[in-house]
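J.:
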Amino acid sequence: MVLLHLSSIVEAQSEIDSLKHLAETTTNERTRVEAYIKLCYKYHRVDAALALSYATQAETIATQAELEDALAYAKFRQGTVLIMMDSLDQAETVLKEAQIIFDRLQDGTGLALVKIEQARIQQRRSNIETAIRIYLEALPLLKETDNKNTEARVLNYLGSLYRSQKQPQKAIEYYEQALDLVTTLDFKPGISACLMNLSTMFRITEEYEKSISYLEESIAIKRETGDKLGLGRGLENLAKLHATLKNYEKAENFYQEALTVASEVNDSGLKNIVLFGLAENHFNTGNYHLSIGLSREVLTSPVVSNDLELQVELYAILADSYEKIGDVNKAYTNAKLHNKLSDSLYNEQIVATTNDLEAKYQNEQKAKEIAVLESENKVQQLQIQSRMRERNYLLAFVMIALLLIGLIYNQYRGKQKSNAKLKELDQLKSEFLANISHEFRTPLSLIIAPLKDKIRSTTDPKEKAVFDRMHRNAEDLYHLINQLLDLSKLEHGQLAMNLVPTEAFGFFRVLSASFTSLAEHSGIHFKSQIPEGECWMELDPDVVQKVCYNLLSNAFKFTPEKGEIMFKVEVESHTLKITVSDTGIGILAEDQEKVFDRFFQSSNTGHMGTGIGLALTKQLVNIHNGDITLLRSDEKGTTFGVQIPLKKVDPVENQQIAERIKNVKIDREKDDVVTLSDENRGPVVLVIEDNEDLSRYLKELLRENYTVHMSSNGMEGVEKAKELVPDLIISDVMMPKKDGIEVCNELKEAHETDHIPIILLTALADRESKLKGLERGADDYLLKPFDPKELAARVSNLLSQRSKLKEKYVGLLRLDVANIEVSNREEQFLKKLMEVIGDHLSDSAFSVEQLSSEVAMSRMQLHRKLTALTGQSASTFVRNHRLNQATRLLLAGETATQVAYAVGFSSPSYFTRAFKEVYGVAPSEYAGIVA
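The numbering used here runs 413 ahead of the 1-based position in the sequence shown.
(1) First and last residue of the alpha helix (DSSP H) that includes Phe-920?
(2) Here's a check: name, in chain order, each residue in its chain whose Cβ is nearer than 7 angstroms to the Cβ of Val-459, leaving out the five neighbours to either side.
(3) Helix, strand or coil for Thr-872, going by three-state DSSP, please let me know.
(4) By Cβ distance, which residues of its chain are closer than 7 angstroms to Leu-416, with the 5 residues on each side in sequence left out?
(5) For His-695, is the classification buried or exposed, using 16 other Cβ atoms within 10 angstroms of its Cβ as the cut-off for buried?
(6) Less than 8 angstroms between the C-beta atoms of Gly-521 and Leu-549, yes or no?
(7) Can you tell me which of the three DSSP states Glu-983 falls into?
(8) Of the choices Lys-1329, Thr-1280, Val-446 and Ser-1337, whose alpha-carbon is the least far from that of Glu-1307?
(9) Return the bridge partner residues of Ser-1046 from the DSSP annotation.
(10) Would you list the residues sitting across from Asp-593 in a DSSP beta bridge?
(11) By DSSP, does Ile-1143 sit in helix, in strand, or in coil?
(12) Buried or exposed: His-655, going by 16 or more other Cβ atoms within 10 Å of its Cβ?
(13) Exposed or buried, Asn-562, counting other C-beta atoms within 10 Å across all chains shown (16 or more means buried)?
(14) Go ahead and pull the three-state DSSP assignment for Ser-1213.
(15) Report the residue ranges of all alpha helix (DSSP H) runs contained in full by the stretch 572-618; include only those spanning at least 4 residues, in chain order.
(16) Count the CB pairs spanning the stretch 659-667 and the stretch 433-453 that are closer than 8 angstroms, and state whether there are at least three.
(17) State yes or no: is the C-beta of Val-494 within less than 8 angstroms of the C-beta of Ala-544?
(18) Does the pairing of the stretch 607-624 with the stretch 1256-1265 give three or more beta-carbon distances under 8 angstroms?
(19) Can you give me the Cβ contacts of Gly-647 inside the same chain, cut-off strictly under 7 angstroms, excluding the 5 residues immediately before and after it?
(20) Bridge partners of Val-1121, per DSSP?
(21) Quick check: Val-1146 and Ile-1101, are their CB atoms within less than 8 angstroms of each other?
(22) What first and last residue would you give for the alpha helix (DSSP H) that runs through His-1253?
(23) Using a Cβ-Cβ cut-off of 6 angstroms (strictly less than) and excluding sequence neighbours within five positions of Glu-505, which residues of its own chain qualify?
(24) Cα separation between Thr-1120 and Tyr-806?
(25) Excluding sequence positions up to five away, which residues of its chain have a Cβ less than 8 angstroms from the Cβ of Ala-1327?
(26) Span of the beta strand (DSSP E) holding Glu-951?
(27) In the DSSP assignment, find the unbroken alpha helix (DSSP H) run with Asp-407 in it and report its ends.
(28) Give the range of the beta strand (DSSP E) segment to which Ser-941 is assigned.
(29) Assign Thr-1175 to one of three DSSP states: helix, strand, or coil.
(30) Could you tell me which of Met-1128, Gln-724, Leu-820 and Glu-1003 sits nearest to Lys-1150, measuring between CA atoms?
(31) Using only CA atoms, which one of Ile-514, Gln-512 and Leu-574 lies nearest to Glu-542?
(32) If distances are taken between C-alpha atoms only, which option among Leu-672, Ala-671 and Gly-739 comes closest to His-702?
(33) To the nearest angstrom, how far is the alpha carbon of Arg-616 from that of Leu-571?
(34) I'd like the list of long-range same chain contacts for His-751, defined as Cβ closer than 7 angstroms, with 5 residues on each side in sequence excluded.
(35) Can you pull the DSSP bridge partners for Gln-1056?
(36) Using 8 angstroms as the threshold, is the C-beta distance between Ala-487 and Ala-468 below it?
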């Protein structure tokens, strides 16, 4: 843990140094402003004065450069720091200025962030009703922008307000909602804050073991992330908890450690809270004079004038301390002050008002939903009317067009008859070729499948060699038929170019990487020579891929073991040049002119091949307006050259590429910090691939729809899979340290990862490992070189299957545990969880931490696995299982109150709310409705 903490500190310092260097050296004003805003955030919990100076520098540069949006965020960040420094009036002023700019720019996210800080100011001033109203105004704006991290912060703030209003169950509900959000995002500072808040509530509800567990986990995260201010608050909470348990010596030690941290971060608010805690601890140990001195010291602090809740507690302890030392007059005076402030802080009217505000917010949300539905209905009616008009216009146009076509047809019928006859004969020839090729595919499939079975089942080496040869020739025939179909499409004009903007150098690097395993298997030295950097051009990837595969496949076919093959790509002027050379048997001089003729075979090849591949390749190059030539062929080998006209494109101007680049944007989901992020929030896919080019290509292919993580070898991949628990894994077979088969075997044996679908990738030559992979539990298998569309489809299908399994498993959860018959490891795991919860059903203190401990998983691993299997978080899973058991007890005739305690709810009212939320009726009504 110490090494991890030091590592995070070094990493954070490195990032700060980079930001400082960027702010001081760049000439781009926007970049400087963003760097200073990030520095402000980095220091706002460490050195508030320095953080404020960075925000001020950002404001100055943004004003001079007239960057209005950047100016708004600089002022917003100033406001957040001023609140931490308890300069509430100043903070209110700059936040109002930021709000005006955000409103003018129609920036919903910015407005929501400002409202949150304005609500915090009102909360500091103990204006509870105003604070709740502003928080509830900010929540819809955050939902519209899908800003889950900041939404979690608001839920935490609302929880704190309900805590101050002595409504602990409502506070716990808000804190748990916030914890579910930040756990889904895996945002550690947010997780730490939620755990600390829940710990405080469990201390209030006297669930001390749970309180200590949550708080220690929160403090560990604070230490890991280097959050000193948060660490100080955690230590203060831990001290208070031990004081509650009458461990006064431990409480004193933690208070002193918290006081040291408060001095280091220069936070007067934290210092006052810690001093109050020490005063309370001295009172409990009989040191009444020390308690009075510390309490009076805190009361003289200017910061306390804004903290009504702390004043109430200070006057209470002063009244009790003076009474203990016999000073009745001062005890009476402080007691009066305590009662007066307490009445203004908490009364039934405020509670009623805050509840009314929350109800109003819920009603407004429902009204908005109804308005949206009505609006959509009107739009649909208008669309129907518009389509009817369009249909009438179209019918009229078709009638006129048909009339004109009929007239033209009658005029040229004579000429068309002769042309049609010729076309009909040509079409019959092409259709015959296509039809007979299609007819060949069915019997070939029926031949290949039994041959595969024979190869797997036979143990006789001679028989196996015969079957292997038969299978290899059947596959060659299948490949030949596909080439015939492509030729048929070319002649029939059905194989047209589909030019798309493509980064050519990256495309060729991935293409050449697909032949690496084949080269190793064949004992051939394969080299590729592709320029560094990028080259964006318009090309048809499918056509170019077939051209290169045909040339490389021929090179491998005619090159002996220990030979060499070179694949070279270069750009000259406005031409893309591709060269494939080998040290194979070569082509005779008298045959070289006919090498691109259909069905031609050179006499020195020993009848290897059919003579279709190069003919098809030439026609494919031609439809790309390119040219292919035989550059050299002799006893030392053969070289083919392809030239394709190079039409460069600007990726930023292209719509498809712009969409991809647009993902690199300001991401405010991470604690509203202005940072750059290019990751989408889709399902998590882990790619384990040792080839750098292929790894980069796979990430680029998947990143638009999925959150992609990478590993460069099998050993690292297994560790990362157990840490991340992704939704799907794509793994190469041939890798260092651990191959793909070992990776698949280990992950399918581990209970935290056995549910994850795995796709294995391998080269054409590596067919035997396919059987091994499928036997070890691989969910799919794809041969290199692969079609990107096919890979995307297989990933989508596997994830879709997992989604359907979720529905099945959610249905499984509603059954009685004793009646569940498990058919796989996943169902066995869910049954185990349900049995563990059932063993602790009536224990309201039973937590997610205990559940994860009983199944030997971390809280995060359990959360991710349950989300993957059922779509439910760990806490929701526990709650829903309790409610499921409650339905059986209610049907058995027990009262709602009896059932609430029997299934582990701390109060009947909380049980009623939770039950109604899931089943739509109150527990007392359930048995009558179901019956």
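Cβ atoms here follow ideal geometry from the backbone N, Cα and C, with glycine treated the same way. Please read these numbers as outputs of a predicted model, since none were measured by experiment.
T.: With the structure as the only source:
(1) 917-926
(2) Lys-641 and Val-678
(3) coil
(4) Residue confidence for Leu-416 is low, a pLDDT of 37 falling below 50, so the modelled location carries little weight and cannot support an answer.
(5) buried
(6) no
(7) strand
(8) Ser-1337
(9) Thr-1051
(10) Asp-593 pairs with nothing; no bridge assigned.
(11) strand
(12) buried
(13) buried
(14) helix
(15) 581-598 and 601-617
(16) no
(17) no
(18) yes
(19) Met-609, Leu-628, Ser-631, Ile-632 and Lys-635
(20) Val-1098
(21) no
(22) It is not in any alpha helix (DSSP H) - His-1253 carries neither H nor E in the DSSP assignment.
(23) Ile-534
(24) 47 angstroms
(25) Arg-1292, Leu-1296 and Phe-1318
(26) 949-952
(27) Given that the chain is displayed from residue 414 to residue 1344, the structure contains no residue 407 and the question cannot be resolved.
(28) 938-942
(29) strand
(30) Met-1128
(31) Leu-574
(32) Gly-739
(33) 18 angstroms
(34) Val-725, Tyr-728, Ala-729 and Ala-732
(35) Lys-990 and Asp-1040
(36) yes
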